[in-house]
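The listed protein sequences correspond, in order, to chains A and B.
Numbers 20 to 362, taken from the numbering used here, label the letters of the first sequence in order.
Numbers 20 to 362, taken from the numbering used here, label the letters of the second sequence in order.
Data first, discussion second: the structure below is written as structure tokens.
Number of protein chains: 2
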Amino acid sequence: MSEVPVTVIDVAKKAGVSVMTVSRALSGRGYVAEKTREKVLAVAAELGYAPNLSAKVLKGSRTNVLGLMVSSLESPLIADIIGKVSNVVKRSGRDLLIYNAASLPDMPSRPDVGRLLRGVCDGLLLVLPGSPDSQLAFFEQSPEQVPVVLVGYCRSETALPVVRADNYQGARAATAHLLELGHRRIAFLAGTPFTGQSQAREQGYRDVLAEAGLAASAQVVDGDFQQCTGYEAARRLLAQPQPPTAIFAANDFMAFGAMDAIKASGLRVPEDISVLGFDDVQQASYVFPRLSTVRQPFADISEQAVRLLIQRIEHPDQEAQTIELPSELVLRDSTGPALAAAR
Amino acid sequence: MSEVPVTVIDVAKKAGVSVMTVSRALSGRGYVAEKTREKVLAVAAELGYAPNLSAKVLKGSRTNVLGLMVSSLESPLIADIIGKVSNVVKRSGRDLLIYNAASLPDMPSRPDVGRLLRGVCDGLLLVLPGSPDSQLAFFEQSPEQVPVVLVGYCRSETALPVVRADNYQGARAATAHLLELGHRRIAFLAGTPFTGQSQAREQGYRDVLAEAGLAASAQVVDGDFQQCTGYEAARRLLAQPQPPTAIFAANDFMAFGAMDAIKASGLRVPEDISVLGFDDVQQASYVFPRLSTVRQPFADISEQAVRLLIQRIEHPDQEAQTIELPSELVLRDSTGPALAAAR
DNA sequence: TTGTATGCGTTATCAG
DNA sequence: CTGATAACGCATACAA
Numbered sequence: 020m021s022e023v024p025v026t027v028i029d030v031a032k033k034a035g036v037s038v039m040t041v042s043r044a045l046s047g048r049g050y051v052a053e054k055t056r057e058k059v060l061a062v063a064a065e066l067g068y069a070p071n072l073s074a075k076v077l078k079g080s081r082t083n084v085l086g087l088m089v090s091s092l093e094s095p096l097i098a099d100i101i102g103k104v105s106n107v108v109k110r111s112g113r114d115l116l117i118y119n120a121a122s123l124p125d126m127p128s129r130p131d132v133g134r135l136l137r138g139v140c141d142g143l144l145l146v147l148p149g150s151p152d153s154q155l156a157f158f159e160q161s162p163e164q165v166p167v168v169l170v171g172y173c174r175s176e177t178a179l180p181v182v183r184a185d186n187y188q189g190a191r192a193a194t195a196h197l198l199e200l201g202h203r204r205i206a207f208l209a210g211t212p213f214t215g216q217s218q219a220r221e222q223g224y225r226d227v228l229a230e231a232g233l234a235a236s237a238q239v240v241d242g243d244f245q246q247c248t249g250y251e252a253a254r255r256l257l258a259q260p261q262p263p264t265a266i267f268a269a270n271d272f273m274a275f276g277a278m279d280a281i282k283a284s285g286l287r288v289p290e291d292i293s294v295l296g297f298d299d300v301q302q303a304s305y306v307f308p309r310l311s312t313v314r315q316p317f318a319d320i321s322e323q324a325v326r327l328l329i330q331r332i333e334h335p336d337q338e339a340q341t342i343e344l345p346s347e348l349v350l351r352d353s354t355g356p357a358l359a360a361a362r
Numbered sequence: 020m021s022e023v024p025v026t027v028i029d030v031a032k033k034a035g036v037s038v039m040t041v042s043r044a045l046s047g048r049g050y051v052a053e054k055t056r057e058k059v060l061a062v063a064a065e066l067g068y069a070p071n072l073s074a075k076v077l078k079g080s081r082t083n084v085l086g087l088m089v090s091s092l093e094s095p096l097i098a099d100i101i102g103k104v105s106n107v108v109k110r111s112g113r114d115l116l117i118y119n120a121a122s123l124p125d126m127p128s129r130p131d132v133g134r135l136l137r138g139v140c141d142g143l144l145l146v147l148p149g150s151p152d153s154q155l156a157f158f159e160q161s162p163e164q165v166p167v168v169l170v171g172y173c174r175s176e177t178a179l180p181v182v183r184a185d186n187y188q189g190a191r192a193a194t195a196h197l198l199e200l201g202h203r204r205i206a207f208l209a210g211t212p213f214t215g216q217s218q219a220r221e222q223g224y225r226d227v228l229a230e231a232g233l234a235a236s237a238q239v240v241d242g243d244f245q246q247c248t249g250y251e252a253a254r255r256l257l258a259q260p261q262p263p264t265a266i267f268a269a270n271d272f273m274a275f276g277a278m279d280a281i282k283a284s285g286l287r288v289p290e291d292i293s294v295l296g297f298d299d300v301q302q303a304s305y306v307f308p309r310l311s312t313v314r315q316p317f318a319d320i321s322e323q324a325v326r327l328l329i330q331r332i333e334h335p336d337q338e339a340q341t342i343e344l345p346s347e348l349v350l351r352d353s354t355g356p357a358l359a360a361a362r
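Given below as structure tokens:
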């Protein structure tokens, strides 16, 4: 009962026509008699014919498959983006293949990383918040080889098309909000520098403080977007003689870690210390207290990224553009007025 | 400067040999003079040759690519498994392609779902906790077509090889622990039924209660493994005249939701109500209070699943086996003695 | 409107 | 030990 793969030849034989006619009937290109077309389609359906993707690729034609390269699979944030992109792609009638470009510490990524996908996919989406730029150079060198769109990339040095949130304005709004609440000692928990997103957020934070005449009170702690790092960083901040009254984390996960550290120290959020995140991951609404944060419009970002990629596949000659979507300050329960005593 | 793809022909020309010699030198199969081999390898490296995967597939040879089909990309748990599998596969010198088999509500999955991967991959790993069995039937019907291994599947009706944790014993240990702490009203928050994992856990829960003569006190609330569902379910439980003193959730995310609901009601975990999860996702150690849970050995599971898949690729004729790895009760801070008043 | 022949990059077969 | 040739499944000129 094991069905051997069905090819155009099988369909052609059974339908009593040539392979060419089958090909035309299925692709819709070229002239085929309506009656013949129906016959072929019926036989194809009956036999359960599905085109061999590899043969298509080899022939150089479109596969209707898009690729998504990520620098990590262990971050729930990336998982969320992957899920959204996957849905958008499916809705466009295409398929999506995901590839983890992360290289193991003891096993450097081979030069053919990505070759894999490049062969099979019509175009590639790159979500690489954890990758050094060497990977990117690989794609920049041959832009006409395969269409590419960067997601959430924040540095200006690339010639590739980009879709991202407005990290700078988002961070400005967040910092301004904390100032309005009366906070004067606001710490910033930074993330990894790879995509430049953390720097953009830090810049927004610093600029707003500077404009309020508080440049000297800026305190930036290095981090890596991980929850446990946020925990450790917050512990160190709390151990200071004059701990901050508010913590602005470069992402939600570090904010979660910071909240845990604060609670573990016997302090309350937001009564004793306010915490503000960035991203608005799903968990932000479920933790206690619910996290105030800057929302990145991931649904829009995914939508635009896929749209832009498809556009580039169909019009490879157009200029690369950068799409920046607005971030939005979402106020929940983790931010509150600064303690009068602490001002 | 755009590099056109380098083929064996290019290498052959530059090395002054035939394509066949190049193929042999690179694959290591067949006789090639040592000196010729070195020459070819040098030229291949110089030209940056990488084999065309599609051509390999078309020819029917191994691709050294494994596929991972998941039923959802939005669950952090699956994301975790994906990451681990990805690492194991990389370490084996192979590559991994991930495909989201979830079908959109308004766009049913086309019949060629999976055809895609089946063509390109030597074998497939299936992680389908959210899929009805129709998808599975697809693979069972033609097991010799492409080697397949199921991950975390708990029903006995399949002839395919399976790797999973011991859900039943894990749930037994968890329930027994709550009984030892003095709890007598223990509620169980169930998940989706698709893989049978929730049922296995529920069975362990019911059996231990029955053996303690408490079968009548079993209370099972339907859920779907989602955090918000855990929240809602816990709220309903708390609204009862005699709320449970302990909640055993079929997974950690529902446990998180339950903890949030308890805290939002002004009660404390574990002083007023104990909460116990299942899975031991990373967040379980970071939430407050840290979650007691049943650890699924995902690292081992991933390792074994990949190992088993590779074994089946290389020896397709062997009998399908089921590997069940032990779960482990991990006690943290979310479980404590039952309130004397509530017993 | 339909059929024939060719090539994409690889590897297996078989001859040299 | 090495090389020419065919074949995998599909789509495209081109011919009929």
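Note that beta-carbon positions come from the ideal geometry of N, C-alpha and C, so glycine has one too.
Reference A:Pro212, options A:Cys173, A:Ala235, A:Asp319, closest by Cα: Answer by Cα proximity: A:Cys173.
Cβ neighbours of A:Ala234 in the same chain (closer than 6 Å, five flanking residues each side left out): Excluding the 5 residues flanking it on each side, A:Ala234 has same chain C-beta neighbours closer than 6 Å at Leu228, in chain order.
Any C-beta of chain B under 8 Å from that of A:Pro130: Because A:Pro130 sits at a pLDDT of 47, beneath the cut-off of 50, its placement in the model cannot be relied upon, and the following sentence gives the value as read from the coordinates. Yes, A:Pro130 counts as interfacial toward chain B.
Secondary structure of B:Pro162, DSSP reduced to three states: Low local confidence applies: a pLDDT of 44 at B:Pro162 is under 50, so the model's placement there is unreliable, and no value is given.
Inside the segment 187–236 of chain B only - beta strand (DSSP E) runs reaching at least 3 residues: Counting only runs of 3 or more, we get 205–208.
Contacts that B:Ile101 makes with chain A (C-beta to C-beta distance below 7 Å): Here the neighbours are Leu92.
With 16 other Cβ atoms within 10 Å as the buried cut-off, status of B:Leu350: Result: exposed.
Under 8 Å from the C-beta of B:Tyr118: neighbouring residues of chain A: For B:Tyr118, the chain A residues whose Cβ falls inside 8 Å of its Cβ are Asp114, Leu115, Leu116, Ile117, in order along the chain.
B:Phe272: first and last residue of the uninterrupted alpha helix (DSSP H) it sits in: Per DSSP, the continuous alpha helix (DSSP H) segment holding B:Phe272 begins and ends at 271–283.
Closer than 8 Å at the beta carbon, the chain A residues around B:Val38: What B:Val38 touches in chain A: nothing, since even the nearest Cβ is about 16 Å away.
A:Arg326 - containing beta strand (DSSP E), residue span: From DSSP, A:Arg326 is part of no beta strand (DSSP E) but of the alpha helix (DSSP H) over 317–333.
Given B:Arg254 as reference, the closest of B:Asn83, B:Ala206, B:Pro70, B:Val167 once Cα atoms are compared: Nearest of B:Asn83, B:Ala206, B:Pro70, B:Val167 to B:Arg254, Cα basis: B:Ala206.
Cβ-Cβ separation, A:Ser304 to A:Gly355 (assumed contact under 8 Å), whole Å: About 17 Å separates the CB atoms of A:Gly355 and A:Ser304; that is not less than 8 Å, and the two are not in contact.
Among A:Ala283, A:Ala34, A:Ile320, A:Ala269, nearest to A:Gly296 - alpha-carbon criterion: Of the candidates A:Ala283, A:Ala34, A:Ile320, A:Ala269, the one whose C-alpha sits nearest the C-alpha of A:Gly296 is A:Ala269.
Near-chain A residues of the segment 267–280 of chain B (beta-carbon distance less than 7 Å), N- to C-terminal order: The segment 267–280 of chain B vs chain A, Cβ under 7 Å: Phe275, Gly276, Asp279.
Nearest-angstrom beta carbon gap, A:Tyr250 and A:Ala209 [assumed within contact, 8 Å]: Not quite, the Cβ-Cβ distance comes to about 15 Å (not below 8 Å), so this is no contact.
Cutoff 8 Å: A:Leu77 Cβ touching any chain B Cβ: Yes, its Cβ sits closer than 8 Å to a Cβ of chain B.
Proximity below 8 Å, CB of A:Gly86 to CB of A:Tyr50: It is not a contact, given that the beta carbons lie outside the stated cut-off.
Same chain, Cβ closer than 6 Å to B:Ala370, five either side skipped, listed in chain order: What is shown of chain B runs 20 to 362, which leaves residue 370 of chain B out entirely.
Distance CB(B:Ala324)-CB(B:Val168) smaller than 8 Å: The answer is yes: Cβ separation under 8 Å.
C-alpha distance - B:Asp226 paired with B:Val239, whole-angstrom precision: Inter-residue distance for B:Asp226 and B:Val239 is about 13 Å (C-alpha atoms, whole angstroms).
Whole-angstrom distance between B:Ile281 and B:Arg326, CA atom to CA atom: One alpha carbon belongs to B:Arg326, the other to B:Ile281, and they sit about 42 Å apart.
Where the beta strand (DSSP E) through A:Ile342 begins and ends: Taken as a continuous stretch (DSSP letters only), the beta strand (DSSP E) holding A:Ile342 covers 341–344.
Option nearest A:Ile97 by Cα separation, candidates A:Phe307, A:Leu256, A:Asn186, A:Gln245: Ranked by Cα distance from A:Ile97, the options A:Phe307, A:Leu256, A:Asn186, A:Gln245 are led by A:Gln245.
Distance CB(B:Val59)-CB(B:Val25) smaller than 8 Å: Against a cut-off of 8 Å, the Cβ pair of B:Val25 and B:Val59 comes out as no contact.
Beta carbon proximity, A:Lys282 to chain B, threshold 8 Å: True, the Cβ-Cβ gap to chain B drops below 8 Å.
Partners in chain A for B:Gly142, counting only beta-carbon separations shorter than 8 Å: Annotation: B:Gly142 has no Cβ neighbours in chain A at a cutoff of 8 Å; minimum Cβ distance is about 16 Å.
DSSP beta-bridge partners of A:Phe244: Answer is none; A:Phe244 lacks a bridge partner.
Residues of the segment 166–194 of chain B whose Cβ lies closer than 8 Å to any Cβ of chain A, in chain order: Listed by position along the chain: nothing, the set is empty.
Length of the line joining the Cα atoms of B:Glu343 and B:Gln315: Spanning the two alpha carbons is a distance of roughly 11 Å.
C-beta neighbour in chain B for A:Pro316, strict 8 Å: No, no contact with chain B.
Minimum C-alpha distance to B:Pro146 - residue among B:Arg137, B:Ala318, B:Val170: According to the sequence provided, residue 146 of chain B is Val. The question's Pro does not apply to it. Distances from the alpha-carbon of B:Val146 to those of B:Arg137, B:Ala318, B:Val170 put B:Val170 closest.
Short Cβ contact (8 Å threshold) for B:Gly102 with A:Leu92: Yes.
B:Ser80, DSSP secondary structure in three states: B:Ser80 falls in the coil class under three-state DSSP.
C-alpha distance - A:Val36 paired with A:Leu45, whole-angstrom precision: Straight-line Cα distance between these residues: approximately 13 Å.
A:Val107 in three-state terms, based on DSSP: The answer is helix: DSSP assigns A:Val107 an H, G or I state.
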